[in-house]
Amino acid sequence: MKRRRAGVTLLELLIAVSLLSLLVAGVLTAMRAGMTALARTNSRVIANRKAIGAQRILEQQIAGLMPVAAECIAGGGVAPSAKVAFFQGETQTMRFVSTYSLGDASRGVPRILEFQVIPGENNQGVRLVVNEHLFTGGLGAGRFCTGVAMDALAGVSATQFVPVQTGPGSFVLADKLASCRMLFREPMPPPQMERWVGKWIQPYWPTAIRIEMTPLEADTSKILPTTITMPVFVNRSQMGVYFD
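In this text, residue positions in the sequence shown follow the numbering used here: the first is 102, and each later residue adds one.
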């Protein structure tokens with residue numbers, strides 16, 4: 102009788118190749134799912150860090166507010182026409198001098214900060230942006246104001262400022278917001294003590310600044326922009342005269 106030769110049949114080879122293919126496909130699917138989950142987690146961590154960083158920047162900028170006076174030059178003249186407290190406060194616009202800047206943090210020279218609420222990308226929601234300009238003194242700050250005029254609603258004199266210009270150099274502090282507005286705390290006599298206003302027309306600085314931000318999409322898995330309330334520690338006016 103003839104002995105059978107040891108070997109593998111074609112059917113066994115096909116079964117082995119099929120099992121190996123299924124095993125490789127399963128491993129690749131698991132790796133792809135893991136990489137996708139890692140990418141989502143990484144993007145979420147980056148978004149959370151950006152939100153925390155932007156909130157911290159806003160707090161530091163407001164905490165570094167400097168009570169400076171600007172010598173406004175009205176009508177395109179060359180000589181200052183009025184000396185005013187340099188602070189612009191509106192629901193969609195805010196401008197003041199701060200010791201904190203994006204580039205140098207609190208170690209650099211003072212900067213003029215311009216906050217503006219603008220439409221978001223593709224007109225979806227709004228975003229909060231900020232411009233920075235080097236502060237060179239009262240005359241340098243004077244080019245951002247045009248003088249003092251009567252406010253029609255309040256019936257008192259108020260400082261007039263030039264519009265904030267935004268562009269590619271503007272830094273986005275908060276994006277994808279349903280709404281964003283700025284409020285300012287004004288001290289009042291008893292019994293009211295204080296009130297929050299949407300337009301600042303007083304010749305001094307507010308005692309606190311509030312930025313109310315509502316996210317466009319409510320996602321509990323992310324750190325979303327929220328309301329920031331910061332006190333303004335201004336205890337000396339540059340408009341007055343002090344003696345030792």
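Don't be surprised by glycine CBs; every beta carbon is placed ideally from N, CA and C. Note that this is a predicted model, so its numbers are computed, not measured.
Within 7 Å, strictly: CB atoms of residue i and residue j
| i | j | result |
| --- | --- | --- |
| P304 | A186 | yes |
| I324 | N149 | yes |
| F245 | L203 | no |
| C281 | V218 | yes |
| P168 | V298 | no |
| P326 | A275 | yes |
| G238 | C173 | no |
| K277 | G226 | yes |
For residue i, the first and last residue of its enclosing alpha helix (DSSP H)
| i | result |
| --- | --- |
| R157 | 111-164 |
In DSSP terms, what residue i is bridged to
| i | result |
| --- | --- |
| F272 | V231 |
| L214 | F197, E233 |
| L278 | V227, P316 |
| Q261 | G248 |
| W301 | G190 |
| A253 | Per DSSP, none; premise fails for A253. |
| I174 | Per DSSP, none; premise fails for I174. |
| K346 | Any property of residue 346 remains undetermined from this structure, which presents the chain solely from 102 to 345. |
| S202 | A206 |
| E295 | P288 |
Extent of the continuous beta strand (DSSP E) run through residue i
| i | result |
| --- | --- |
| A242 | No beta strand (DSSP E) holds A242; the alpha helix (DSSP H) holding it covers 239-243. |
| M314 | 309-316 |
| I324 | First-last for I324: undefined, no H or E at that position. |
| R332 | Looking at the sequence provided, one finds Pro at residue 332 rather than Arg. P332 -> beta strand (DSSP E) spans 329-332. |
Cα-Cα separation, residue i to residue j
| i | j | result |
| --- | --- | --- |
| L129 | T315 | 41 Å |
| R212 | M331 | 19 Å |
| Q189 | V265 | 11 Å |
| D345 | F216 | In this prediction, D345 scores a pLDDT of 41, lower than 50, which makes its location untrustworthy; the coordinate-derived value is nonetheless stated afterwards. Rounded to whole angstroms, D345 to F216 spans 37 Å at the Cα level. |
| E318 | A117 | 51 Å |
| T387 | L284 | Because the chain in this structure spans residues 102 to 345, residue 387 falls outside the shown range and cannot be described. |
| M289 | A253 | 22 Å |
| L214 | Q261 | 17 Å |
| D320 | A279 | 13 Å |
| T267 | E222 | 14 Å |
| L112 | S122 | 15 Å |
| T200 | G241 | 16 Å |
| I153 | V146 | 11 Å |
| D205 | P292 | 43 Å |
| V257 | M251 | 5 Å |
| E233 | S207 | 14 Å |
| S119 | G127 | 12 Å |
| E160 | V198 | 14 Å |
| G209 | F236 | 11 Å |
| A140 | N224 | 28 Å |
| V125 | L115 | 15 Å |
| G270 | W301 | 27 Å |
| T137 | E295 | 52 Å |
| V342 | S144 | Caution applies to V342, whose pLDDT of 49 falls short of 50 and renders its modelled position unreliable; the value that the coordinates give is listed next. Distance between the alpha carbons of V342 and S144: 54 Å. |
Among the options, nearest to residue i - alpha-carbon criterion
| i | options | result |
| --- | --- | --- |
| V230 | M195, A250, D205 | M195 |
| I310 | A164, G135, S119 | A164 |
| R157 | D320, I312, S322, L121 | I312 |
| G248 | G241, G256, L235, V263 | V263 |
| A183 | R296, W301, A259, T308 | A259 |
| P307 | M132, T142, E295, R286 | R286 |
| R228 | R296, A155, L166 | A155 |
| S322 | L115, T142, K300, P269 | T142 |
Cβ-heavy atom distance, residue i to the ligand MN, below 6 Å
| i | result |
| --- | --- |
| F216 | The model on display carries no ligand, and the ligand MN is accordingly not part of it. |
Closer than 7 Å to chain B by CB, residue i
| i | result |
| --- | --- |
| E318 | Absent here is chain B; the protein component of the structure consists of one chain. |
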